[in-house]
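Step one of this worksheet: look at the structure below.
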Amino acid sequence: MKRNERKNRWLAVFQEGKFISSTRITLDVLWHVALFFIVIGLIAMFFMAGTGFGYFASLVQDIPTEKKEDMRDQVYNYEETSHIYFANNVHMGELRSDLHREEIALDEVSKELKMAIKATEDEYFETHNGIVPKAIMRALYQEFAGTDMQSGGSTLTQQLIKSQILTNEVSFERKAKEILIALRLENFFNKDEIFEAYLNIVPFGRDSSGRNIAGVQAAAQGLFDVDASELNLAQAAFIAGLPQSPSIYTPFDGNGNVKPEESLEDGLERQIIVLNRMRDEGIIDEETYNEAREYDTIGNLTDKNESTISEYPFLTLEIESRAKDIMVEHLAEQDGYTKEDLNNDDSIYEQYEIIAERNLRQNGYDIHTTINKEIFDRFQDVTDEYSYFRPTHTVTRTDPDTGESYQEEVPVEAGAMLRDNKTGAIIAYVGGRDYERSQMDHVFYYHRPNGSTMKPLASYAPAMDMGYLHPGSPLADVKFGDSLINEHGGWGPTNFCSSCERGIESARTALVNSHNLPATRLSYDLANKRGMREDISNYLINQGFSEETFAPNRIATPTPLGGDSVYLKNTTDAYSVFANQGKFIESYMIDKIVDDDGNSIYEHEVEETEVFSPQTAYLTLDILRDVLTEGTATYLRSQLTNQGVDWAGKTGTSDHTQDLLFIGTNPNVTLGTWIGYDTYDYNGDGTVSDYEKQDIMNLDNCSNCSLPPSYRNQGYWAELANAATEVDPDLMAPSENHQNPGGIVSRSYCQLSGDLPSEACEELGLVSTDLFNIEHVPDESDDSVIEGRYVQIGDEYYEAIDETPEDFTEEGFFLRPGFIEEQGWGDIDDLSKLLPDNEVWENLIVPEDETLDDNGAPSSPSGLGIDGNTLSWSDSEQDVIGYHVYMAPTEEDEFELVGSTKDTSFELPRNNSVYVVMAVDYHGHESDFSNEIVYGSIEPPEEEEEEEDDEDNEDSDEEGNSDEQNDGDVDDDNSNDNDNNNDGNSNNNDDSGSNENNDSTQDNSIES
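Residue numbers (the UniProt record's numbering): 1 to 1008.
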């Protein structure tokens, strides 16, 4: 009943029109609201579209409107390969010998491969006009949403443009340009033309020789050893999957070996994805799909092929690197960028690097180098045949993944560079002994300490250029004293002969013989005492060394013993400065780059930087000449076939003979060599075995080390020089010598100070002659030597003062007090080491700089004793310079002086007497008498007849005393001798004793 009533009420409402009226009103309201939002949405959409198109237009506004032929040249420019030439237009080969591409026509590619690539890379290729809008929108959404699952949205057309015209830059600007050019490309070319270009340019990883491959024909041959027309479905699907990530999916590594099984999984999974897409799109049926999945792809890979890398691997890669750098600067400069812009903005450099590599690969450039083919080939032959690259170390390593041990050989490596002095042209070089074993280029990319070759570059030449040094300047070949060692945090250098200290020697001698101590003292003096640290830094930077490595805050005392990790190229370039009269000219290898129309787009220009004055350069050369004639490289000179050539050079050895170098320069060329190791991790745990016990080059397992380490490198240098001389004697063996620039004079100087000789210096025979820069010839006479009195106390010498008793002094020559401090040698603990141990210097004394304090009269000598007829006593205080000996016949008589001595012993002139000793100090003070001591026996005097004969009386005395002497060992003859000696001593006040002791002192002086 109630249900019927409700039904009737609703029916009445509808019949009266109330429902329709209210519904119409509601719908009208909803429609107007919806219409409002639709209008707003359309306005927003049009606004956003307009904004988007405006933004798009701004991104592509600088794209030039290219003609079809221009675009064809860009897209289909994969056939023209750049070529490299030796000097004199001798053809060397293709630039990119490690990238293999073989062109193929579209109709020569199997339909399986074509279908697989389209299904994988661009399923709408046949229907789109260059882009797929929904794919682009999807990519944009994923970009703004930040989702990890991003699909590229690029068609084959877009990929072709990205590879051939644009770069791989990830930006909206690049994407916008790509879209516009893709539309234009589709308008100019048909699908087959675009697809054929794509199949020839796309990269496919590496082949079985380890080369990079591009194009489907190279991929088919390099992976399966078949042509692209013969690929089966499984092979085609595998190749089609590679372009997405060639380096990951490729089955071969850089050496052409098949990757480990776990590394192959990614490529095989990608192959299944390709097959799935082909099945899902109806290209293949289920049966064909299953057959392809069961195919043993890895088992059917081609066998490993030996590497076909160029005959000149080191050289090819270096030329490519240099040519790319040149092209980067050239292209950037065309667009208004400077070299500083490239150095300061990595993104700008990376973009131009991509373009430069592409241009070099595609544009058919001719790259002309400075390399002399014949000399270069001879350098490689010498390196292959040289028999003294020893020793080779066999070490045990542990594989970090498997934990298994294995043996590894660590052979000696080598590097060499020959360059022209005047132009900087690199004529030939050796990157290493075996590229397959070690790809490290040991000239341009392997940095090691350069040892003592740094001495003239960092110390001697800068010091001469600043006027603080000349070839004859005295330097101290003496170890750092404790004060200087403490100042350096406990570090103190030694010579190669660690115990050798040669005293004062000339700068020429020190450099010729490569003594470490004078060089480090000179460097310390310049950098710290004279405040020239920044100047030295600038000298090194202007010679081509790294500004970062040799900044002023990094220049330290050890620098002349070897730059901290420098390239052989840097050191060789720096030595050419001396041959170029002080001007630095950087070495170069690319002479010019010519395009396919014969236009030079780059030509090298020689730039000079003045480093040293011509006089400094010549003086340094003159010293370095002696290195070959009488210094550390005499063996090298003996191995040269043309010994009359004016070579100047320097050896270099790092700690434990890890690195051996020689850099030599003649008027035309500079040649530098290095031998050492790629790794010094002989223990396999990051440490080097027996560093302190044995030099690296001198290990016991060296089976062919008849030559000392340094000689092995010198022999290698000499063989290279001889080989190059056979090819071009005019270049390598010029008849003229290094040119004297003028302003060089020969002058005599005092070896002690380097100043003009004084009379004292001449009398000592310490005058020598050497070359000088006329602007820096000393104008003062030597004042380092004083002639006068001095005393010796122990092992030390002091200049005598007015109060010093003359009977204990010596007359002679000695260094002026204060001179040692002025020379910067005040840290030396043992000043006697300053004087060379030879007869030229034997008459010179080195006194202590300070005088002794006056502490009053010294203590009396003690501990007197007699042995035979020698009286001895204990040594007295430090400032005692000698002793007076007194004698009296009896204790009641007065004592008389019978002699002086500097020793603590004295031969007694007469027995049966009483003796005392008195100490005398530096200031002339005498001590009290020592305790008395009796020599013989003292008898009371007997009355005697006056007329008794004197001789009988003496005989009687001798007979009386003979039986009663304490030591019982003096006979009659000795007694007579003692009496005679006594008489002589009394008359001469013991001058003979004084002279005897003076002689003794002189001998001690010479020995010290």
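For glycine and all other residues, C-beta sits at the position ideal for the given N, C-alpha and C.
Neighbourhood of G863 by C-beta distance below 6 Å, restricted to the same chain and skipping five residues each side: W873, S874
Beta-ladder partner(s) of A648, from DSSP: T665
Residue closest to Q380, alpha-carbon to alpha-carbon, out of V430, F584, I828: V430
Spatial neighbours of D950 in its chain, beta-carbon cut-off 8 Å, leaving aside the 5 residues before and after: With a pLDDT of only 45 at D950, under 50, the local geometry of the prediction cannot be trusted, and the value read off the model is given with reservation. Closer than 8 Å at Cβ, skipping near neighbours: no residue.
Residue ranges of each beta strand (DSSP E) within the region 871-922, 3 or longer: 880-888, 896-901, 905-907, 913-921
Residues that residue 1039 bridges to, as DSSP identifies them: Because residue 1039 is not part of the residues shown, which for the chain are 1 to 1008, the question remains open.
Length of the line joining the Cα atoms of C497 and D477: 12 Å
DSSP three-state assignment for L844, whether helix, strand or coil: strand
Validate contact between the region 668-681 and the region 721-737 using beta carbons, cut 8 Å, 3 pairs: yes
Status (buried if at least 16 other CB within 10 Å, exposed otherwise) for M206: Rather than Met, the amino acid found at residue 206 in this sequence is Arg. Buried, since its Cβ has 16 or more Cβ neighbours within 10 Å.
Proximity below 8 Å, CB of E357 to CB of G215: no
Of the listed residues K422, G652, R637, nearest to V645 (C-alpha basis): R637
Helix, strand or coil at G415 according to DSSP, with G and I counted as helix: strand
Beta-carbon separation (whole angstroms), T369 vs I590, contact threshold 8 Å: 6 Å
Proximal residues to F444 (C-beta, below 7 Å), its chain only, five neighbours per side dropped: E318, Y567, K569
N300 beta carbon less than 8 Å from that of F224: yes
Beta-carbon proximity list for N978, same chain, < 7 Å, skipping 5 on both sides: Here the model assigns N978 a pLDDT of 36, short of 50, so the residue's position is not dependable and the matter cannot be decided.
Where E404 sits in the DSSP three-state scheme: coil
Contact under 8 Å by Cβ, T641 with N528: no
Anticipated Cβ contact below 8 Å, A519 with P552, distance rounded: At roughly 19 Å, the Cβ-Cβ gap does not stay under 8 Å, so A519 and P552 are not in contact.
Beta strand (DSSP E) segment containing F814, residue limits: 810-815
Own chain partners of T250 with C-beta closer than 6 Å, once the 5 adjacent residues on each side are dropped: G205, R206
Exposed unless 16 or more other CB atoms sit within 10 angstroms - verdict on D971: Residue confidence for D971 is low, a pLDDT of 35 falling below 50, so the modelled location carries little weight; the figure read from the coordinates is stated next. Exposed, because fewer than 16 other Cβ atoms sit within 10 Å of the Cβ of D971.
Euclidean distance between Cα positions of V791 and D849: 13 Å
CA nearest to the CA of K592, picked from L166, I371, R530: I371
At least three beta-carbon pairs within less than 8 Å, the region 828-840 to the region 886-903: no
Cα-Cα separation, S537 to L522: 15 Å
Residues that L331 bridges to, as DSSP identifies them: Beta-bridge pairing links L331 to no other residue.
Residue from H738, S784, I248 with nearest C-alpha to Q751: S784
Rounded Cβ spacing between Y915 and I845 (contact assumed at less than 8 Å): Actually they do not touch by this definition, with Cβ atoms about 32 Å apart.
I201 versus V328: straight-line alpha-carbon distance, rounded: 22 Å
Validate contact between the region 506-514 and the region 446-461 using beta carbons, cut 8 Å, 3 pairs: yes
One or two residues paired with A425 in a DSSP bridge: Y588
Simplified DSSP state of I601, which is helix, strand or coil: strand
Three-state secondary structure assigned by DSSP to R397: strand
K134 - DSSP class collapsed to helix/strand/coil: helix
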